[in-house]
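One structure is given here, and the rest of the page talks about it.
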Amino acid sequence: MEAERTDQEMQRRQKLQMLRSQGIEPYQSRFDRTHSAAQAIALFEQVEQSGGAEARSERVALAGRLVAIRVMGKATFAHLQDFSGRIQLLAKVDKLGAEPYRRFTDLDLGDVIGVHGTLFRTRRGEITCEIDDFVLLAKSLRPLPEKYHGLKDKELRYRQRYLDLIANPEVMEVFLARSRLVEETRTFLRGRGFTEVETPVLQAMAGGAAARPFRTHHNALDMDLYLRIALELYLKRLIIGGFDRVYEIGRIFRNEGMDQWHSPEYTMLELYQAYTDVEGMMELTESLVIHLVERVRGTPTIQYQGQEIRFSRPFARVEMVEAVSRVVGEDLLKADVPTLQGLIQKHGIQPKPGLGWGGLIAELFEELVQDTLVQPTFVLGHPVEVSPLARRRSSDPRLTDRFELFIAGEEIANAFSELNDPDDQRARFEDQARARAAGDDETHPMDEDFLTALEYGFPPTGGMGLGVDRLAAILTDQPSIRDVILFPHLRARHAEP
RNA sequence: GGGGGUGUAGCUCAGUGGUAGAGCACCUGCCUUUUAAGCAGGGUGUCGAGAGUUCGAUCCUCUCCGCCCCUACCA
Numbered sequence: 000m001e002a003e004r005t006d007q008e009m010q011r012r013q014k015l016q017m018l019r020s021q022g023i024e025p026y027q028s029r030f031d032r033t034h035s036a037a038q039a040i041a042l043f044e045q046v047e048q049s050g051g052a053e054a055r056s057e058r059v060a061l062a063g064r065l066v067a068i069r070v071m072g073k074a075t076f077a078h079l080q081d082f083s084g085r086i087q088l089l090a091k092v093d094k095l096g097a098e099p100y101r102r103f104t105d106l107d108l109g110d111v112i113g114v115h116g117t118l119f120r121t122r123r124g125e126i127t128c129e130i131d132d133f134v135l136l137a138k139s140l141r142p143l144p145e146k147y148h149g150l151k152d153k154e155l156r157y158r159q160r161y162l163d164l165i166a167n168p169e170v171m172e173v174f175l176a177r178s179r180l181v182e183e184t185r186t187f188l189r190g191r192g193f194t195e196v197e198t199p200v201l202q203a204m205a206g207g208a209a210a211r212p213f214r215t216h217h218n219a220l221d222m223d224l225y226l227r228i229a230l231e232l233y234l235k236r237l238i239i240g241g242f243d244r245v246y247e248i249g250r251i252f253r254n255e256g257m258d259q260w261h262s263p264e265y266t267m268l269e270l271y272q273a274y275t276d277v278e279g280m281m282e283l284t285e286s287l288v289i290h291l292v293e294r295v296r297g298t299p300t301i302q303y304q305g306q307e308i309r310f311s312r313p314f315a316r317v318e319m320v321e322a323v324s325r326v327v328g329e330d331l332l333k334a335d336v337p338t339l340q341g342l343i344q345k346h347g348i349q350p351k352p353g354l355g356w357g358g359l360i361a362e363l364f365e366e367l368v369q370d371t372l373v374q375p376t377f378v379l380g381h382p383v384e385v386s387p388l389a390r391r392r393s394s395d396p397r398l399t400d401r402f403e404l405f406i407a408g409e410e411i412a413n414a415f416s417e418l419n420d421p422d423d424q425r426a427r428f429e430d431q432a433r434a435r436a437a438g439d440d441e442t443h444p445m446d447e448d449f450l451t452a453l454e455y456g457f458p459p460t461g462g463m464g465l466g467v468d469r470l471a472a473i474l475t476d477q478p479s480i481r482d483v484i485l486f487p488h489l490r491a492r493h494a495e496p
């Protein structure tokens with residue numbers, strides 16, 4: 000069901016036919032470049048320093064996509080775009096010869112070409128490659144988006160990201176920054192003695208978080224499997240196995256709603272370090288985030304969607320219960336469930352059914368406090384009820400040794416002293432099962448295999464998870480994680496009539 | 001899931017109950033240092049899809065589809 004060809008496509012295909020009839024192959028296999036556009040420009044700047052304004056460079060070979068062409072009779076200017084940027088080309092009939100010159104002016108925007116020529120500076124001051132030879136490497140059969148406004152239609156930008164990348168250079172910058180962020184994460188963790196590992200994506204049981212999983216089916220084994228919703232439980236097994244410090248940067252999948260901060264598949268960093276605790280994780284997280292801001296942005300203070308965010312040590316720290324208490328004007332450590340339910344009602348919140356003290360505290364926090372945490376802030380001491388894998392706080396058994404890091408009102412990281420008491424862990428899973436029975440469909444499943452592993456002895460461990468997409472969106476000042484995911488999910492086109 | 005917005009040429013967008021426009025792109029011609037090149041000429045379209053109202057619908061009504069924003073659930 001190929002769409003009908005437009006006028007411009009027909010014209011381009013006619014040119015293609017014409018070229019082939021002249022014995023020119025419009026799809027070549029190789030072109031040896033000597034310089035990228037940026038390297039060529041740097042090269043000429045050097046040549047110019049020693050050779051003066053009339054300088055010419057040595058002969059260079061450049062390749063890229065033709066993104067602008069201005070035919071002015073017997074001379075033609077064009078712009079060639081490659082990964083590094085753009086460089087102007089000048090083709091002159093007396094240099095190329097009549098027939099090659101005609102073929103050059105007959106090129107279309109979007110064609111991929113290779114050229115040979117020397118570099119000079121035009122009267123208007125632009126460093127330019129005057130070509131003596133060119134070759135068509137790949138004929139483009141469809142017209143490019145508009146040159147001045149770029150590609151704006153979000154649907155097209157996401158569905159045909161390659162066009163977005165061609166037409167909007169700042170989009171390329173965003174994805175390069177994201178790549179640097181991941182690379183610098185690895186650099187940082189290597190410096191701290193972490194080992195990178197890979198754990199199963201297909202799991203018999205989707206654990207490590209409370210979320211609805213995607214289900215799939217293994218034909219040969221004839222069993223249902225789930226796509227992972229977290230990395231946690233397998234990484235913990237590795238700590239039990241003797242890895243001291245492990246991490247994984249991997250895709251996880253949650254079968255839930257999507258918006259500017261949620262995607263059904265997203266990239267999570269999780270790390271575990273033996274013999275440390277939530278305090279150690281806080282130090283590590285703060286150092287990592289500051290390192291990343293420094294390396295990706297080069298400055299500790301950034302603008303995010305018009306608000307200034309300062310990444311300076313130490314990040315703010317606040318107890319979750321205290322933060323909520325402050326807003327409601329009441330010490331909630333001393334509040335009972337009916338009191339909390341009253342507050343929930345008063346603020347017009349409709350929570351999941353059957354929540355206890357901790358669940359209600361967490362609910363109030365999300366509704367009343369979270370959005371206000373624009374500057375990087377560690378929120379500490381989450382209730383046990385919402386933390387089935389975290390170690391209980393010795394000073395208050397209703398709470399855990401846990402933190403979440405909020406930036407721009409969004410949860411970026413989550414960490415805790417890992418629960419390493421197998422019997423307590425079993426009890427937590429049983430609590431989760433009770434919550435499920437009471438109507439909560441996002442509870443942690445009972446995982447006997449994991450409990451078995453814990454029973455062999457799980458060293459005291461600090462663990463941390465960080466949402467890579469969210470952090471990337473904040474560090475690149477993008478309003479949605481869709482803008483830092485190359486191919487975000489969209490509904491399939493061509494739905495039934 | 002609920003509310004709002006939007007869909008018109010390859011792209012960016014205007015517009016009207018009487019059969020569709022601009023800029024860029026494209027085609028023809030002129031132009032040897034231009035650069036959102038310029039000048040002269042050319043409109044290339046299932047006005048998201050279907051049904052209805054109407055003499056006549058791109059426009060009005062209904063249904064459906066995509067995308068965006070807000071809201072609900074989740075990290």
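Numbering that gives the first Met the number 0 applies: residue 0 is where the first sequence begins, and numbers increase by one. All residues carry an ideal CB built from backbone N, CA and C; glycine is no exception.
Query raised in the report: For Glu-321, which option in Leu-332, Thr-460, Arg-19 has the closest C-alpha, if you only look at C-alpha atoms?
Result: For the purposes of this step, residue 321 is taken as the residue at position 322 of the first sequence. It is Leu-332.
Query raised in the report: Apart from the five residues just before and just after Thr-198, which ones in its own chain have a Cβ nearer than 7 Å to its Cβ?
Result: Taking the first sequence and counting its residues from 1, one reaches residue 198 at position 199. Leu-230, Tyr-233, Leu-234, Glu-247, listed in sequence order.
Rounded to the nearest angstrom, how far is the Cβ of Ser-35 from that of Asp-81, given a contact under 8 Å? Counting from 1 along the first sequence, the entry for residue 35 is found at position 36. Counting from 1 along the first sequence, the entry for residue 81 is found at position 82. Right, the Cβ-Cβ distance comes to about 6 Å (below 8 Å), so this counts as a contact.
Residue span of the alpha helix (DSSP H) that contains Tyr-233, given as start and end: As a first step, residue 233 must be located in the first sequence, where it is residue number 234. From DSSP, the alpha helix (DSSP H) with Tyr-233 extends over 231–240.
To test your reading of the DSSP string, which unbroken alpha helix (DSSP H) runs of 4 or more residues are found completely within the region 114–193?
The region 114–193 is shown to contain whole alpha helix (DSSP H) runs of 4 or more residues at 153–158, 160–166, 168–190, in chain order.
Practice task
Could you pull the start and end residues of the beta strand (DSSP E) that Phe-396 belongs to?
Solution key: In the first sequence, counting from the first residue as 1, residue 396 sits at position 397. Contrary to the premise, residue 396 reads as Pro rather than Phe in this sequence. That run of the beta strand (DSSP E) goes 395–399.
Check your understanding: Exposed or buried, which one is Gln-431 when buried takes at least 16 other CB atoms within 10 Å?
Key -> Here the question's residue 431 lines up with position 432 in the first sequence. Classification for Gln-431: buried.
Under three-state DSSP, which class holds His-217? Locating residue 217 in the first sequence gives position 218, where the first residue counts as 1. Note: His-217 maps to strand in three-state DSSP.
Should His-201 be labelled buried (16 or more other beta-carbon atoms within 10 Å of its own) or exposed? Your numbering for residue 201 matches position 202 in the first sequence. The displayed chain sequence assigns Leu, not His, to residue 201. Its Cβ having fewer than 16 others within 10 Å, Leu-201 is exposed.
Check: Which partner residues of Thr-300 appear in the DSSP bridge assignment?
Finding: Along the first sequence, one-based indexing puts residue 300 at 301. Arg-309, per the DSSP bridge assignment.
Practice problem: Taking all protein chains shown into account, decide if Thr-376 is buried (16 or more other Cβ within 10 angstroms of its Cβ) or exposed. | Solution: Counting from one through the first sequence, the residue named residue 376 turns up at place 377. It is buried - the Cβ of Thr-376 has at least 16 other Cβ atoms within 10 Å.
Return the bridge partner residues of Pro-337 from the DSSP annotation. Translated into the one-based positions of the first sequence, residue 337 becomes position 338. Partner(s): none; Pro-337 has no beta bridge.
### Task
Check whether the Cβ atoms of Met-204 and Asp-446 sit closer than 8 Å, and answer yes or no.
The residue you call residue 204 lines up with position 205 of the first sequence. The residue you call residue 446 lines up with position 447 of the first sequence. Closer than 8 Å, so yes.
With distance defined between alpha-carbon atoms, name the residue in Thr-338, Ala-97, His-290 nearest to Phe-187. Residue 187 sits at position 188 when you count from the first residue of the first sequence. Among Thr-338, Ala-97, His-290, the Cα nearest to that of Phe-187 is on His-290.
Which of the three DSSP states is assigned to Glu-269 in this structure? Counting from one through the first sequence, the residue named residue 269 turns up at place 270. Residue state, collapsed to three classes: strand.
Query raised in the report: Are Lys-14 and Asp-105 touching if we call contact CB-CB under 8 Å?
Result: As a first step, residue 14 is located in the first sequence; it is residue number 15 there, counting from the start. As a first step, residue 105 is located in the first sequence; it is residue number 106 there, counting from the start. Yes; because the gap between Cβ atoms is below 8 Å, this pair is in contact.
- Message: Using the three-state DSSP reduction, which class does Leu-418 fall into: helix, strand or coil?
- Response: Your numbering for residue 418 matches position 419 in the first sequence. Note: Leu-418 maps to coil in three-state DSSP.
Q | Val-134 versus Ala-472: straight-line alpha-carbon distance, rounded | A | Along the first sequence, read from residue 1 onward, the residue named residue 134 stands at position 135. Along the first sequence, read from residue 1 onward, the residue named residue 472 stands at position 473. A straight-line Cα-Cα distance of about 40 Å links Val-134 and Ala-472.
Please name the residue or residues paired with Arg-514 in a DSSP beta bridge.
-> What is shown of the chain runs 0 to 496, which leaves residue 514 out entirely.
First and last residue of the uninterrupted alpha helix (DSSP H) at Phe-43 = Position 44 of the first sequence, counted from the first residue, corresponds to residue 43. Here the alpha helix (DSSP H) through Phe-43 covers 36–50.
Relative to the C-alpha of Gly-466, which candidate in Gly-207, Met-71, Ile-251 has its C-alpha closest? For the purposes of this step, residue 466 is taken as residue 467 along the first sequence, with counting starting at 1. Ranking Gly-207, Met-71, Ile-251 by Cα distance to Gly-466 puts Ile-251 first.
*Whole-angstrom distance between Arg-227 and Glu-285, CA atom to CA atom*: Counted from its first residue, the first sequence places residue 285 at position 286. Counted from its first residue, the first sequence places residue 227 at position 228. Roughly 27 Å between the two C-alpha positions.
Next item on the list: Output the distance between the C-alpha atoms of Pro-350 and Glu-409, rounded to the nearest integer angstrom.
Entry: Position 351 of the first sequence, counting from 1, holds the residue named residue 350. Position 410 of the first sequence, counting from 1, holds the residue named residue 409. Straight-line measurement puts the Cα of Glu-409 at about 19 Å from the Cα of Pro-350.
Exercise. Is the number of C-beta pairs between the region 172–179 and the region 142–152 that are closer than 8 Å three or more?
Worked result: no
**Item:** C-alpha distance - Asp-223 paired with Phe-449, whole-angstrom precision
**Value:** Within the first sequence, the letter at position 224 stands for residue 223. Within the first sequence, the letter at position 450 stands for residue 449. Rounded to the nearest angstrom, the two C-alpha atoms are 19 Å apart.
Assuming Glu-366 is part of the alpha helix (DSSP H), what are its boundary residues? The residue given as residue 366 occupies position 367 in the first sequence. Counting along the chain, the alpha helix (DSSP H) containing Glu-366 begins and ends at 356–367.
Counting beta carbon pairs with one atom in the region 414–422 and one in the region 396–404, are three or more of them shorter than 8 Å? yes
Q.
So if DSSP puts Gln-202 in a beta bridge, which residue, or which two residues, is it bridged to?
A. Locating residue 202 in the first sequence gives position 203, counting from the first residue. Secondary-structure assignment with DSSP links Gln-202 through a beta bridge to Tyr-225.
Discussion item. Using 8 Å as the threshold, is the C-beta distance between Leu-339 and Leu-359 below it?
Written reply: Within the first sequence, the letter at position 340 stands for residue 339. Within the first sequence, the letter at position 360 stands for residue 359. The answer is yes: Cβ separation under 8 Å.
*asked:* Quick check: what's the CA-CA separation for Gly-498 versus Asp-110?
replied: A query on residue 498 cannot be resolved here, the shown segment of the chain reaching from 0 to 496 and no further.
Q) What are the boundary residues of the alpha helix (DSSP H) that Glu-247 is part of? A) The residue given as residue 247 occupies position 248 in the first sequence. Note, Glu-247: premise wrong, no alpha helix (DSSP H); beta strand (DSSP E) at 244–252.
Between which residues of its own chain and His-216 is the CB-CB distance below 6 Å, once the five residues before and five after are set aside?
For this step, residue 216 is matched to residue 217 along the first sequence. Same-chain partners within the cutoff: Asp-223.
Requested in this report: Could you name the residues that DSSP lists as bridge partners for Asp-6?
Outcome: Indexing the first sequence from 1 puts residue 6 at position 7. Note: Asp-6 sits in no beta bridge, so no partner.
For Arg-391, write down the residues that DSSP places opposite it in a beta bridge. In the first sequence, residue 391 corresponds to position 392, counting from 1. Looking at the DSSP assignment, Arg-391 forms a beta bridge with Thr-399.
Using the C-alpha atoms, what's the distance from Val-373 back to Ile-308? By 1-based counting over the first sequence, the position of residue 308 is 309. By 1-based counting over the first sequence, the position of residue 373 is 374. So the two alpha carbons sit approximately 7 Å from each other.
| said: Considering only the alpha carbon of each residue, which of Val-326, Leu-283, Ile-348, Gly-328 lies closest to Arg-312? | reply: Counting from one through the first sequence, the residue named residue 312 turns up at place 313. Nearest C-alpha to Arg-312: Leu-283.
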